[in-house]
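Novice: My questions all concern the structure below.
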Amino acid sequence: WESFPVRGAGSVKLRQVRLLLEFVEQNYVTLKRSNPEFPILIRECSGVQARLWARYDFGKETSVSVENMSADQVAKALQTLAQSKP
1 WESFPVRGAG SVKLRQVRLL LEFVEQNYVT LKRSNPEFPI LIRECSGVQA
51 RLWARYDFGK ETSVSVENMS ADQVAKALQT LAQSKP
């Protein structure tokens with residue numbers, strides 16, 4: 001994750017992501033160190049399907065289900081969203 005810029009010269013204009021707790025517990029520190037200016041918000045939510053949301057420029061949003069995924073699978077889904085165009 002140290003070489004994974006969420007927002008930078010080579011990435012699309014990703015504005016926000018919402019992540020699964022297990023992924024956050026395992027990767028937050030490294031992800032934040034790699035992207036110190038990128039806002040990462042952590043909010044508790046129960047009783048809903050686990051989804052990864054990405055918000056891009058101009059209010060465009062994309063989401064994918066991460067239900068029953070491992071932290072590694074969530075990481076791959078995040079990389080895909082961060083590198084895709086809305």
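Counting in full-length UniProt numbering, the sequence shown runs from 1 upward without gaps. Don't be surprised by glycine CBs; every beta carbon is placed ideally from N, CA and C.
(1) How is the alpha helix (DSSP H) around L81 delimited, first residue to last?
(2) Spell out the partners DSSP gives E61 in its beta bridges.
(3) Spell out a yes or no on whether the segment 36-47 and the segment 68-76 are touching, meaning 3 or more CB-CB pairs, one atom from each, closer than 8 Å.
(4) Between L81 and W53, what straight-line distance do the alpha-carbon atoms span, to the nearest angstrom?
(5) Quick check: what's the CA-CA separation for F58 versus K85?
(6) Out of curiosity, what's the CA-to-CA distance linking I40 and K32?
(7) Distance, Cα to Cα, G8 vs F23?
(8) Under the rule that 16 or more other beta-carbon atoms within 10 Å means buried, what is V29, buried or exposed?
Specialist: Taking the coordinates as given:
(1) Unbroken alpha helix (DSSP H) run through L81: A71 to Q83.
(2) The partner list for E61 (beta bridge, DSSP) reads R55.
(3) Output reads no: the segment 68-76 does not touch the segment 36-47.
(4) Across the structure, L81 and W53 are spaced so that their CA atoms are roughly 9 Å apart.
(5) Straight-line Cα distance between these residues: approximately 12 Å.
(6) Looking at the two C-alpha atoms, the distance is approximately 8 Å.
(7) With a pLDDT of 49 at G8, under the threshold of 50, the predicted position of this residue should be treated as unreliable, though the coordinate-derived value follows. C-alpha separation (whole angstroms): 22 Å.
(8) By the 10 Å Cβ count, V29 comes out exposed.
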